[in-house]
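The block underneath contains the structure these notes are about, expressed in structure tokens.
2 protein chains.
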Amino acid sequence: MQAIDLAQKLDTFTEHWQPRVVGQFNGHDLMVVKVKGEFVWHQHPDTDDFFMVLHGHITIRLRDGDVRLGPGEVFVVPKGVEHCPVAEEEAHLLLIEPMGTPNTGDRATAQPRRVV
Amino acid sequence: MQAIDLAQKLDTFTEHWQPRVVGQFNGHDLMVVKVKGEFVWHQHPDTDDFFMVLHGHITIRLRDGDVRLGPGEVFVVPKGVEHCPVAEEEAHLLLIEPMGTPNTGDRATAQPRRVV
Numbered sequence: 001m002q003a004i005d006l007a008q009k010l011d012t013f014t015e016h017w018q019p020r021v022v023g024q025f026n027g028h029d030l031m032v033v034k035v036k037g038e039f040v041w042h043q044h045p046d047t048d049d050f051f052m053v054l055h056g057h058i059t060i061r062l063r064d065g066d067v068r069l070g071p072g073e074v075f076v077v078p079k080g081v082e083h084c085p086v087a088e089e090e091a092h093l094l095l096i097e098p099m100g101t102p103n104t105g106d107r108a109t110a111q112p113r114r115v116v
Numbered sequence: 001m002q003a004i005d006l007a008q009k010l011d012t013f014t015e016h017w018q019p020r021v022v023g024q025f026n027g028h029d030l031m032v033v034k035v036k037g038e039f040v041w042h043q044h045p046d047t048d049d050f051f052m053v054l055h056g057h058i059t060i061r062l063r064d065g066d067v068r069l070g071p072g073e074v075f076v077v078p079k080g081v082e083h084c085p086v087a088e089e090e091a092h093l094l095l096i097e098p099m100g101t102p103n104t105g106d107r108a109t110a111q112p113r114r115v116v
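Set out below in structure tokens:
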């Protein structure tokens with residue numbers, strides 16, 4: 001058993017919007033992801049969606065307003081709430097979702113789970 | 001709905017080993033805590049235990065070795081595994097546990113859930 005160094009895990013890839021699984025917790029995947037640009041509007045009907053910014057800034061667009069997040073800030077999108085993450089510059093995030101949750105909310109368009 | 005600024009939440013108290021609830025995620029409490037010195041050996045029979053260091057360093061003692069964590073590092077103690085967190089100097093952590101989990105593994109000695 002050893003510590004998970006999130007920065008070291010982020011150094012192993014460059015792609016945007018392709019989360020990497022770095023660990024598990026109570027049936028959830030712990031993931032790091034690099035993001036830049038605009039994702040897609042989506043929602044997760046069965047789970048909350050945990051975002052923590054490790055580097056940079058993101059905006060999580062919601063239908064009733066935007067939430068802006070910087071380093072050391074967390075936001076939990078409640079289950080069923082439509083959201084669209086956006087990053088003007090590259091940002092690095094910690095994500096937590098139940099194992100197997102499609103990142104787009106739709107298995108047809110979701111990224112596969114990649115482990116680093 | 002707004003971002004949770006973990007550093008701002010940590011600025012609201014000084015006590016050690018008294019987690020503060022800052023949010024919820026899928027039936028779990030998101031908590032920040034300041035730690036210094038040695039906690040107690042304990043285990044949680046029904047849940048993994050998520051630690052992320054935000055500031056400083058901690059050692060999580062396990063029966064078969066120590067895990068050392070610095071800023072941006074995560075460790076998940078599997079459910080049922082005895083552990084004892086230790087910090088030589090003050091450290092700040094993000095913790096995630098199912099709502100109501102006693103921090104010592106024992107309701108008789110656990111800190112109450114405090115919300116900030």
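Going down the list, the protein sequences come from chains S and A.
For the first sequence, position 11 (counting from the first letter as 1) is numbered 11 according to this note's numbering, and the numbering increases by one without interruption.
For the second sequence, position 98 (counting from the first letter as 1) is numbered 98 according to this note's numbering, and the numbering increases by one without interruption.
Ideal Cβ placement from N, Cα and C applies to all residues, glycine included.
Chain A contact residues for residue i, given Cβ-Cβ distances below 8 angstroms
i       : result
LEU93/S : The contacting residues do not exist; LEU93/S stays about 12 angstroms from chain A at best.
PHE13/S : Within 8 angstroms Cβ-Cβ: nothing; PHE13/S doesn't reach chain A, min ~17 angstroms.
THR73/S : In the sequence under discussion, the amino acid at residue 73/S is Glu, which differs from the Thr named in the question. Residues of chain A passing the Cβ test: ALA3, ILE4, ASP5 and LEU6.
PHE25/S : ASP48, PHE50, VAL76 and ILE96
Partner residues on chain S for residue i, Cβ-Cβ distance less than 7 angstroms
i      : result
MET1/A : LEU62 and VAL67
Partners in chain A for residue i, counting only beta-carbon separations shorter than 7 angstroms
i       : result
VAL33/S : Those do not exist, as VAL33/S stays about 15 angstroms from chain A at its closest Cβ, beyond 7 angstroms.
Residue i - containing beta strand (DSSP E), residue span
i      : result
ALA7/S : Not the beta strand (DSSP E): ALA7/S falls in the alpha helix (DSSP H), residues 6-10.
Cβ-based burial, residue i [other Cβ within 10 Å; buried from 16]
i        : result
ASP11/S  : exposed
MET31/S  : buried
MET99/A  : exposed
GLU88/A  : exposed
PRO45/A  : exposed
VAL1/A   : According to the sequence displayed, residue 1/A carries Met and not Val. That one is exposed.
ALA7/A   : exposed
ASP66/A  : exposed
ASP106/S : exposed
VAL35/S  : buried
GLU97/A  : buried
ASP64/A  : exposed
GLU73/S  : buried
GLY23/A  : buried
VAL33/A  : buried
VAL53/A  : buried
7 angstroms Cβ cutoff, residue i in contact with chain C
i       : result
ALA91/S : Of the protein chains in the structure, S and A, none is chain C.
3 or more residues per run - each beta strand (DSSP E) lying fully within the stretch 3-89 of chain S: 20-25, 28-38, 49-55, 58-62, 65-69 and 73-77
Inter-stretch contact (C-beta, 8 angstroms, three-pair minimum) for the stretch 94-111 of chain S and the stretch 1-21 of chain S: yes
At least three beta-carbon pairs within less than 8 angstroms, the stretch 68-85 of chain S to the stretch 77-85 of chain A: no
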